[in-house]
Amino acid sequence: MIRAKILGLGSYVPDRVVTNDELRFLNPKHERQTEPQMDTSDEWIRKRTGIQERRYVPAGETWRTSDLGKLAAERALEDAGLEAKDIDCIIFGTLSPDIHFPGSAVFMQEKLGINSHYCACYDIRQQCSGFVYGLEMADAFIKAGKYKRVLLVGAEIHSHSLDYTTRGRDVTVLFGDGAGAVVMGPVETTDPREGVLYTRGHADGSGAWGLYLKIFDIGVHGMVDYDPKDREVNSTLYPQMKGKAVFMNAVKQMVAASKEALAATGLSWDDIDWFVPHQANLRINETVVQYGKIPPEKALNTIMFYGNTTAATVPLTIDHYRQEGKVKKGDLVLSTVFGAGFTWGSAVFRV
Ligand code: UT7
Numbered sequence: 008m009i010r011a012k013i014l015g016l017g018s019y020v021p022d023r024v025v026t027n028d029e030l031r032f033l034n035p036k037h038e039r040q041t042e043p044q045m046d047t048s049d050e051w052i053r054k055r056t057g058i059q060e061r062r063y064v065p066a067g068e069t070w071r072t073s074d075l076g077k078l079a080a081e082r083a084l085e086d087a088g089l090e091a092k093d094i095d096c097i098i099f100g101t102l103s104p105d106i107h108f109p110g111s112a113v114f115m116q117e118k119l120g121i122n123s124h125y126c127a128c129y130d131i132r133q134q135c136s137g138f139v140y141g142l143e144m145a146d147a148f149i150k151a152g153k154y155k156r157v158l159l160v161g162a163e164i165h166s167h168s169l170d171y172t173t174r175g176r177d178v179t180v181l182f183g184d185g186a187g188a189v190v191m192g193p194v195e196t197t198d199p200r201e202g203v204l205y206t207r208g209h210a211d212g213s214g215a216w217g218l219y220l221k222i223f224d225i226g227v228h229g230m231v232d233y234d235p236k237d238r239e240v241n242s243t244l245y246p247q248m249k250g251k252a253v254f255m256n257a258v259k260q261m262v263a264a265s266k267e268a269l270a271a272t273g274l275s276w277d278d279i280d281w282f283v284p285h286q287a288n289l290r291i292n293e294t295v296v297q298y299g300k301i302p303p304e305k306a307l308n309t310i311m312f313y314g315n316t317t318a319a320t321v322p323l324t325i326d327h328y329r330q331e332g333k334v335k336k337g338d339l340v341l342s343t344v345f346g347a348g349f350t351w352g353s354a355v356f357r358v
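Letter by letter, the sequence shown follows residues 8 to 358 in my numbering.
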């Protein structure tokens, strides 16, 4: 039987560390000012979200999301012992694409030097659920014999599109820049616990306005000339969130999706090595662990160091703890994600 397997994993975060204290002093180009620009505090952010710091691309330099994706992808390829030319399909998950179109996958393909016309490029738009949705696609493609080497990347540059005034503080404090990647391929096995064991995506479009970023509204017009001081225009340019509704839905669906993954695979928490939830808020993950009856020592969190890197959080978290020696190759992970859409899902796989 052909199953899909993770052959290599890698991540990349920019070197620039932005602490909660420093965040208060940033202007719209995230350059440090002498006076605070946002009314928030390290204490509030730590207490309500668990975040201590996040990474941003350097201010004043030109970084695009495909650049971060490429750096994570190169590490995943090295980990897999493969070269970029071996890849025949790219799936790129992001909510902060390089430009409106074409998608970021083709930009990254070019940067990786993949000149073959036989590498398909997909961009997917499932925000914080991007990794699990992408894993589901890669798993299906590989099992069907469609592609042999799939590069799945989650990457985000949030720092360029956040509101650094008090008006945007509920959202801005949460997000960071970063990327994670896995390389996947087929394995011939009779072992049902090999490779990717389970994936399931869910969505509920009635939650679409619970968390969104417009940039433009095709039903009205594109935003070319704008004045960010104008309240209406400002709300188009920056992410908008009904924080409490998102929080409550995230807890409910992440608990349900985790239980669903166990029921579908017939596994228990004794069989799973690590629980890797999406990293949106430490309080969400702690509540999911509590209500989901998940062994707390198996839950891995990195939101303290990176904030919410959206489509990148799952591979970034696994790679972080793999580099620390905690997660080992072959360990079994149950991952559960939730994000804008609303979209959510879970997956069980070996790393
Ligand atoms: O990635 C997937 C999607 N994202 C999420 O899952 C995030 C889900 N939501 C959350 O994590 C939380 O709702 C937040 C962290 C965004 C907000 O936490 P909260 O405990 O729900 O706070 P709140 O929105 O009820 O606000 C409480 C107070 C308000 O002040 P008043 O009206 O009580 O005077 C806010 O204005 O906290 C204020 N506030 C802040 N104060 C300092 C909101 N953001 C900040 C801030 N610093 N950054």
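C-beta: ideal position from N, C-alpha, C; glycine also. These numbers were taken from a predicted model, which means no experiment stands behind them.
- By alpha-carbon distance to residue 168, the top candidate from 157, 159, 180, 12 is 180.
- One alpha carbon belongs to residue 110, the other to residue 245, and they sit about 20 Å apart.
- For the 8 Å CB-CB criterion, residue 19 and residue 82 form a contact.
- Taking C-alpha positions only, residue 286 is separated from residue 310 by approximately 5 Å.
- Excluding its 5 nearest sequence neighbours in each direction, residue 172 has C-beta neighbours in its own chain below 7 Å: 44, 45, listed in chain order.
- For ligand 1, a non-hydrogen atom lies closer than 7 Å to the CB of residue 257.
- In this structure residue 124 is exposed. Its beta-carbon is surrounded by fewer than 16 other beta-carbon atoms within 10 angstroms.
- Here DSSP, grouped into helix, strand and coil, assigns residue 74 to helix.
- Here residue 225 is exposed, its C-beta having fewer than 16 other C-beta atoms within 10 Å.
- Look at residue 55: its beta carbon is less than 7 Å from one of the heavy atoms in ligand 1.
- A residue is called buried when at least 16 other Cβ atoms come within 10 angstroms of its Cβ; residue 193 meets this threshold and is buried.
- For residue 351, the CB stays at least 7 Å from every heavy atom of ligand 1.
- Going by C-alpha positions, residue 178 is about 20 Å away from residue 321.
- Looking from the CA of residue 88, the closest CA among 31, 122, 199, 17 belongs to 17.
- DSSP places residue 205 inside the beta strand (DSSP E), whose first and last residues are 203 to 210.
- Taking the Cα positions, residue 296 is about 14 Å away from residue 269.
- Bridge pairing for residue 351: 209, 345 [DSSP].
- For residue 315, the secondary structure class from DSSP, reduced to helix, strand or coil, is strand.
- If you draw a straight line from the Cα of residue 264 to the Cα of residue 342, it is about 9 Å long.
- In the structure shown, residue 300 adopts coil according to DSSP, grouped into three states.
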